[in-house]
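J.: Submitted below is the structure of interest, expressed as C-alpha coordinates.
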Amino acid sequence: MSCCPPGSLPYATPPVDYTPKGQVIQLDGLPLYTSGDPSSSATVIVLPEVFGWSGRLKGICDTLGENFYVVMPDCHRGDTANGKPDIPGWVAETPWEGKVKLDFDAIFAHIKETSPSSNKVGAVGFCWGAWAGCKASSEGMELACIVGAHPSIKLEEFAFNKSIAEMCEKVTCPVLLLSASNDPENVHAGGEYAKIFAEKGGKAESFMSMQHGWLSRGDVSDAEVKAEVERGMESTIGWFKQHLI
1 MSCCPPGSLP YATPPVDYTP KGQVIQLDGL PLYTSGDPSS SATVIVLPEV
51 FGWSGRLKGI CDTLGENFYV VMPDCHRGDT ANGKPDIPGW VAETPWEGKV
101 KLDFDAIFAH IKETSPSSNK VGAVGFCWGA WAGCKASSEG MELACIVGAH
151 PSIKLEEFAF NKSIAEMCEK VTCPVLLLSA SNDPENVHAG GEYAKIFAEK
201 GGKAESFMSM QHGWLSRGDV SDAEVKAEVE RGMESTIGWF KQHLI
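Every letter in the sequence shown is one number past the one before it in the UniProt record's numbering, and letter 91, counting from 1, is 91.
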(Lines of atoms letter the chains of each structure in order from A and count residues from 1; the text may use other names and numbers.)
(Lines give C-alpha, C1' and ligand atoms only; values in the text may rest on other atoms or scores of the structure.)
Protein backbone atom coordinates (compact mmCIF):
# COMPACT_ATOMS: atom_id res chain seq x y z
CA MET A 1 0.00 0.00 0.00
CA SER A 2 1.25 3.46 -0.91
CA CYS A 3 -0.16 6.94 -0.44
CA CYS A 4 -0.07 7.22 -4.25
CA PRO A 5 -2.48 4.92 -6.13
CA PRO A 6 -1.30 2.55 -8.89
CA GLY A 7 -0.48 4.39 -12.09
CA SER A 8 0.63 7.57 -10.33
CA LEU A 9 3.29 9.79 -11.80
CA PRO A 10 6.81 9.16 -10.46
CA TYR A 11 9.17 11.49 -8.67
CA ALA A 12 10.13 14.48 -10.80
CA THR A 13 13.14 16.71 -10.37
CA PRO A 14 12.59 20.49 -10.34
CA PRO A 15 12.66 21.95 -13.88
CA VAL A 16 16.16 23.11 -14.83
CA ASP A 17 14.82 25.99 -16.90
CA TYR A 18 13.03 27.67 -13.98
CA THR A 19 14.65 30.01 -11.47
CA PRO A 20 12.66 30.23 -8.22
CA LYS A 21 11.70 33.75 -7.18
CA GLY A 22 11.53 33.09 -3.45
CA GLN A 23 14.03 32.29 -0.75
CA VAL A 24 14.65 29.52 1.77
CA ILE A 25 14.82 30.37 5.45
CA GLN A 26 15.08 28.22 8.57
CA LEU A 27 12.59 28.16 11.43
CA ASP A 28 14.53 26.37 14.18
CA GLY A 29 15.53 23.63 11.75
CA LEU A 30 12.36 23.67 9.65
CA PRO A 31 13.22 24.65 6.05
CA LEU A 32 10.68 27.14 4.71
CA TYR A 33 10.44 28.39 1.13
CA THR A 34 8.86 31.84 1.08
CA SER A 35 7.51 33.78 -1.89
CA GLY A 36 5.27 36.75 -2.53
CA ASP A 37 4.72 39.94 -0.57
CA PRO A 38 4.60 39.65 3.25
CA SER A 39 2.38 42.75 3.30
CA SER A 40 -0.38 40.79 1.54
CA SER A 41 -3.74 40.53 3.27
CA ALA A 42 -3.64 36.71 3.24
CA THR A 43 -1.11 33.88 3.40
CA VAL A 44 -1.14 30.51 1.64
CA ILE A 45 0.70 27.53 3.12
CA VAL A 46 1.85 25.10 0.42
CA LEU A 47 2.17 21.57 1.80
CA PRO A 48 4.29 19.33 -0.45
CA GLU A 49 3.89 15.72 -1.40
CA VAL A 50 5.95 12.76 -0.18
CA PHE A 51 8.63 13.70 -2.71
CA GLY A 52 9.44 16.95 -0.92
CA TRP A 53 10.18 20.13 -2.87
CA SER A 54 10.24 18.28 -6.18
CA GLY A 55 8.56 18.94 -9.51
CA ARG A 56 7.08 22.41 -10.01
CA LEU A 57 6.25 23.16 -6.38
CA LYS A 58 8.46 26.24 -6.07
CA GLY A 59 7.00 27.56 -9.32
CA ILE A 60 3.51 26.96 -7.94
CA CYS A 61 4.49 28.91 -4.82
CA ASP A 62 5.72 31.77 -6.99
CA THR A 63 2.50 31.80 -9.01
CA LEU A 64 0.43 31.95 -5.83
CA GLY A 65 2.82 34.62 -4.60
CA GLU A 66 1.45 37.01 -7.22
CA ASN A 67 -1.64 37.34 -5.00
CA PHE A 68 -0.62 36.14 -1.54
CA TYR A 69 2.28 35.72 0.84
CA VAL A 70 3.30 32.07 0.45
CA VAL A 71 5.23 29.69 2.69
CA MET A 72 6.14 26.07 1.94
CA PRO A 73 7.59 23.97 4.77
CA ASP A 74 9.67 20.83 4.38
CA CYS A 75 8.25 18.83 7.26
CA HIS A 76 10.47 15.86 6.35
CA ARG A 77 13.71 17.88 6.54
CA GLY A 78 15.08 16.90 3.15
CA ASP A 79 14.08 13.26 3.30
CA THR A 80 11.53 11.94 0.78
CA ALA A 81 9.61 8.78 -0.03
CA ASN A 82 11.52 8.35 -3.28
CA GLY A 83 12.87 4.80 -3.30
CA LYS A 84 11.34 3.89 0.06
CA PRO A 85 9.88 0.32 0.09
CA ASP A 86 7.27 1.10 2.78
CA ILE A 87 5.83 4.56 2.15
CA PRO A 88 3.04 4.43 4.79
CA GLY A 89 5.67 3.32 7.30
CA TRP A 90 7.89 6.21 6.28
CA VAL A 91 4.96 8.65 6.54
CA ALA A 92 4.13 7.30 10.01
CA GLU A 93 7.53 8.48 11.23
CA THR A 94 6.23 12.07 10.95
CA PRO A 95 2.91 12.09 12.83
CA TRP A 96 0.76 15.09 13.66
CA GLU A 97 1.39 14.85 17.38
CA GLY A 98 4.89 15.94 18.30
CA LYS A 99 6.07 16.70 14.77
CA VAL A 100 3.75 18.17 12.12
CA LYS A 101 1.81 20.12 14.78
CA LEU A 102 5.03 21.74 15.98
CA ASP A 103 5.84 22.72 12.40
CA PHE A 104 2.42 24.33 12.01
CA ASP A 105 2.92 26.19 15.28
CA ALA A 106 6.23 27.54 13.94
CA ILE A 107 4.64 28.46 10.59
CA PHE A 108 1.78 30.39 12.19
CA ALA A 109 4.24 32.19 14.49
CA HIS A 110 6.29 33.13 11.42
CA ILE A 111 3.20 34.44 9.61
CA LYS A 112 2.17 36.48 12.66
CA GLU A 113 5.63 38.05 12.88
CA THR A 114 6.50 38.43 9.19
CA SER A 115 3.09 39.06 7.66
CA PRO A 116 1.02 40.82 10.35
CA SER A 117 -1.38 42.15 7.70
CA SER A 118 -2.44 38.59 6.81
CA ASN A 119 -5.99 38.39 8.09
CA LYS A 120 -6.59 34.87 6.79
CA VAL A 121 -4.49 31.79 6.11
CA GLY A 122 -5.30 29.07 3.59
CA ALA A 123 -3.46 25.92 2.58
CA VAL A 124 -2.95 23.88 -0.55
CA GLY A 125 -1.67 20.37 -0.13
CA PHE A 126 -0.39 17.89 -2.70
CA CYS A 127 -0.76 14.17 -1.94
CA TRP A 128 0.63 13.99 1.65
CA GLY A 129 0.09 17.72 1.97
CA ALA A 130 -3.68 17.35 1.50
CA TRP A 131 -3.70 15.03 4.53
CA ALA A 132 -1.56 17.51 6.49
CA GLY A 133 -3.85 20.43 5.68
CA CYS A 134 -7.02 18.55 6.60
CA LYS A 135 -5.40 17.15 9.74
CA ALA A 136 -4.31 20.65 10.78
CA SER A 137 -7.84 22.03 10.41
CA SER A 138 -9.32 19.04 12.23
CA GLU A 139 -6.92 19.71 15.11
CA GLY A 140 -7.88 23.36 15.47
CA MET A 141 -5.41 25.23 13.27
CA GLU A 142 -7.08 28.40 11.98
CA LEU A 143 -7.23 27.74 8.25
CA ALA A 144 -9.83 29.67 6.26
CA CYS A 145 -9.85 27.17 3.38
CA ILE A 146 -7.94 24.22 1.94
CA VAL A 147 -7.19 22.91 -1.55
CA GLY A 148 -6.25 19.23 -1.81
CA ALA A 149 -4.59 18.30 -5.11
CA HIS A 150 -4.43 14.57 -5.88
CA PRO A 151 -5.29 14.18 -2.18
CA SER A 152 -3.99 11.32 -0.04
CA ILE A 153 -6.16 11.89 3.00
CA LYS A 154 -6.33 8.09 3.27
CA LEU A 155 -3.01 8.34 5.13
CA GLU A 156 -5.02 9.08 8.26
CA GLU A 157 -5.96 5.39 8.21
CA PHE A 158 -3.15 3.66 6.32
CA ALA A 159 -0.27 5.41 8.10
CA PHE A 160 -1.82 6.42 11.43
CA ASN A 161 -4.63 3.86 12.01
CA LYS A 162 -7.28 6.52 12.58
CA SER A 163 -10.67 7.19 11.02
CA ILE A 164 -10.55 9.21 7.79
CA ALA A 165 -14.23 10.10 8.10
CA GLU A 166 -13.79 11.39 11.65
CA MET A 167 -10.90 13.60 10.54
CA CYS A 168 -12.98 14.97 7.66
CA GLU A 169 -15.91 15.64 9.97
CA LYS A 170 -13.65 17.71 12.23
CA VAL A 171 -12.33 19.93 9.41
CA THR A 172 -13.69 23.42 10.03
CA CYS A 173 -13.20 25.16 6.66
CA PRO A 174 -14.21 24.72 3.00
CA VAL A 175 -12.11 22.15 1.13
CA LEU A 176 -11.63 21.98 -2.64
CA LEU A 177 -10.55 18.54 -3.86
CA LEU A 178 -8.76 18.28 -7.20
CA SER A 179 -8.76 14.56 -7.93
CA ALA A 180 -7.15 12.61 -10.75
CA SER A 181 -8.61 9.61 -12.56
CA ASN A 182 -6.84 7.08 -10.33
CA ASP A 183 -7.55 8.82 -7.03
CA PRO A 184 -10.11 6.97 -4.86
CA GLU A 185 -13.80 7.43 -5.64
CA ASN A 186 -14.33 8.78 -2.14
CA VAL A 187 -12.49 12.03 -3.02
CA HIS A 188 -14.42 12.61 -6.25
CA ALA A 189 -17.78 14.42 -6.35
CA GLY A 190 -20.40 12.30 -4.61
CA GLY A 191 -17.78 10.19 -2.82
CA GLU A 192 -17.87 9.59 0.93
CA TYR A 193 -15.29 12.19 1.95
CA ALA A 194 -16.16 14.66 -0.79
CA LYS A 195 -19.76 14.65 0.50
CA ILE A 196 -18.57 15.42 4.03
CA PHE A 197 -16.62 18.40 2.74
CA ALA A 198 -19.51 19.51 0.52
CA GLU A 199 -21.66 19.86 3.64
CA LYS A 200 -19.11 22.41 4.89
CA GLY A 201 -19.06 24.47 1.69
CA GLY A 202 -16.49 22.30 -0.05
CA LYS A 203 -16.31 21.14 -3.64
CA ALA A 204 -14.70 18.35 -5.68
CA GLU A 205 -13.38 18.68 -9.22
CA SER A 206 -12.28 15.66 -11.23
CA PHE A 207 -9.50 15.53 -13.81
CA MET A 208 -10.34 12.23 -15.44
CA SER A 209 -7.65 12.29 -18.11
CA MET A 210 -4.90 12.91 -15.54
CA GLN A 211 -2.93 10.66 -13.18
CA HIS A 212 -2.24 11.27 -9.50
CA GLY A 213 0.55 13.84 -9.31
CA TRP A 214 -0.28 15.72 -12.51
CA LEU A 215 -0.64 19.19 -11.02
CA SER A 216 2.84 19.38 -9.53
CA ARG A 217 4.81 16.95 -11.68
CA GLY A 218 2.88 16.22 -14.89
CA ASP A 219 4.69 16.71 -18.22
CA VAL A 220 3.57 20.17 -19.34
CA SER A 221 5.18 19.66 -22.75
CA ASP A 222 2.06 17.56 -23.38
CA ALA A 223 -0.71 19.95 -24.45
CA GLU A 224 -3.46 18.08 -22.59
CA VAL A 225 -1.47 17.93 -19.36
CA LYS A 226 -0.57 21.60 -19.69
CA ALA A 227 -4.24 22.53 -20.12
CA GLU A 228 -5.29 20.50 -17.09
CA VAL A 229 -2.47 21.95 -14.98
CA GLU A 230 -3.69 25.40 -15.94
CA ARG A 231 -7.27 24.44 -15.06
CA GLY A 232 -6.14 23.11 -11.70
CA MET A 233 -4.20 26.26 -10.92
CA GLU A 234 -7.12 28.47 -11.97
CA SER A 235 -9.40 26.54 -9.62
CA THR A 236 -6.85 26.79 -6.80
CA ILE A 237 -6.33 30.53 -7.17
CA GLY A 238 -10.07 31.08 -7.55
CA TRP A 239 -10.75 29.15 -4.33
CA PHE A 240 -8.25 31.26 -2.43
CA LYS A 241 -9.59 34.51 -3.85
CA GLN A 242 -13.10 33.43 -2.85
CA HIS A 243 -12.21 32.50 0.73
CA LEU A 244 -9.17 34.61 1.63
CA ILE A 245 -9.75 38.01 0.04
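C-beta atoms are modelled at their ideal positions from N, C-alpha and C, and glycine is treated no differently.
Comparing C-alpha positions only, which one of K200, G65, N82 and D62 sits nearest to E49?
T.: It is N82.
J.: Please check the pair S54 and A12, which I expect to be a contact at CB under 8 Å, by giving their CB distance rounded to whole angstroms.
T.: With 8 Å as the limit, S54 and A12 qualify as a contact, their Cβ atoms being about 6 Å apart.
J.: Just mark D62 as buried or exposed, buried being the case when its beta carbon has 16 or more other beta carbons within 10 Å.
T.: It is buried - the Cβ of D62 has at least 16 other Cβ atoms within 10 Å.
J.: Would you mind sorting M208 into buried or exposed? The rule is 16 or more other CB atoms within 10 Å of its CB.
T.: So M208 ends up on the exposed side.
J.: The alpha helix (DSSP H) with F51 in it runs from where to where?
T.: Unbroken run through F51: none, as it is neither H nor E.
J.: Contact check, Y18 vs G59 under 8 Å by CB: the rounded distance?
T.: 5 Å between Cβ atoms; contact.
J.: What are the complete alpha helix (DSSP H) segments, minimum 4 residues, inside the stretch 53-141?
T.: The qualifying runs are 57-64, 87-92, 101-114 and 128-138.
J.: Measuring CB to CB, does A149 end up less than 8 Å from K120?
T.: In this structure, K120 does not lie closer than 8 Å to A149 by Cβ.
J.: Determine the extent of the alpha helix (DSSP H) in which L215 is found, giving its start and end residues.
T.: From DSSP, the alpha helix (DSSP H) with L215 extends over W214 to R217.
J.: With a threshold of 16 other CB atoms inside 10 Å of the CB of G36, please say whether the residue is buried or exposed.
T.: That one is buried.
J.: May I have a chain-ordered list of the beta strand (DSSP E) segments no shorter than 3 residues that lie completely inside the stretch 185-214?
T.: List check, beta strand (DSSP E) in window: 203-207.
J.: Please determine, among I111, G65 and F126, the residue with the shortest C-alpha to C-alpha distance to Q211.
T.: For the residues I111, G65 and F126, the minimum Cα distance to Q211 belongs to F126.
J.: So, is A227 buried or exposed, given that buried needs 16 or more other C-beta atoms within 10 angstroms?
T.: With fewer than 16 other Cβ atoms within 10 Å, it is exposed.
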